[in-house]
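One structure below.
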Amino acid sequence: MHTRKATDQDIAAIASFYETLQAATKKLYAPHSMDMAAIARHIADPVYLVLISEEAGSLIGYQVFLKGAFPWERERYQGYGISLTSSDVSYAPVLSDSRQGQGLGKALLHQALPYLADEGIHRMILWGGVQCSNIRAVNFYLSNGFRIKGFFDWEGANYDMINTIHASRNRPASL
Numbered sequence: 309m310h311t312r313k314a315t316d317q318d319i320a321a322i323a324s325f326y327e328t329l330q331a332a333t334k335k336l337y338a339p340h341s342m343d344m345a346a347i348a349r350h351i352a353d354p355v356y357l358v359l360i361s362e363e364a365g366s367l368i369g370y371q372v373f374l375k376g377a378f379p380w381e382r383e384r385y386q387g388y389g390i391s392l393t394s395s396d397v398s399y400a401p402v403l404s405d406s407r408q409g410q411g412l413g414k415a416l417l418h419q420a421l422p423y424l425a426d427e428g429i430h431r432m433i434l435w436g437g438v439q440c441s442n443i444r445a446v447n448f449y450l451s452n453g454f455r456i457k458g459f460f461d462w463e464g465a466n467y468d469m470i471n472t473i474h475a476s477r478n479r480p481a482s483l
């Protein structure tokens, strides 16, 4: 598997990939819709980092990082006593339905770390949190160093989670 920064030439492939996801999977990734216009905006805007992961020439996943956080997320984290800064990112990973549960999520996260280090990133929060009912995702994040900081309700129960990246090791604390 190879991970790299997405380019304008990847827009159609990412949009097509997103459309192949099962409806249940898309619901778990909400609110991270990835139509062609959104993908193009994310790739063009330096506040975003979009990484794609390919295997044998096929897209198997992507990760979107937003430098900082949306105001409503900053406000929630302030309530937990955490001030989000420009060295934090909001993290939204997506893995193909057929490749979930095979340990590739950890590999995608690990391959993203040099890109984050290049940007001076020290912490990650989950973009839009993670649905409490998505036990597999909650366990994935916990096993990869994320910690639950709080709970909020938006179209159901969600956890806010955060992970600190240790610059000396250039990877999350638990990897």
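So my numbering is basically just the index in the sequence shown, starting at one, shifted up by 308. Virtual Cβ for every residue (Gly too), placed ideally from N, Cα, C. From a predicted model like this one, the values you see are computed outputs, not experimental measurements.
Y399 sits in a strand when the DSSP states are folded into three classes. One Cα belongs to I368, the other to G411, and the distance between them is close to 13 Å. Under the DSSP definition of a beta bridge, M344 lacks any partner. A420 has its alpha-carbon roughly 10 Å from the corresponding atom of Y370.
L417 carries a helical assignment under DSSP once its states are collapsed to helix, strand and coil. Within the model, the alpha-carbon separation for S404 versus A352 is close to 24 Å.
At a Cβ-Cβ threshold of 8 Å, A377 and S398 count as neighbours. Secondary structure at G387: helix, using DSSP grouped into helix, strand and coil. Contact annotation: F460 and G437 have beta-carbon atoms nearer than 8 Å. Between V372 and A400, the beta carbon gap of about 4 Å places them in contact (Cβ cut-off 8 Å). S361 is not a Cβ neighbour of M432, given a cutoff of 8 Å.
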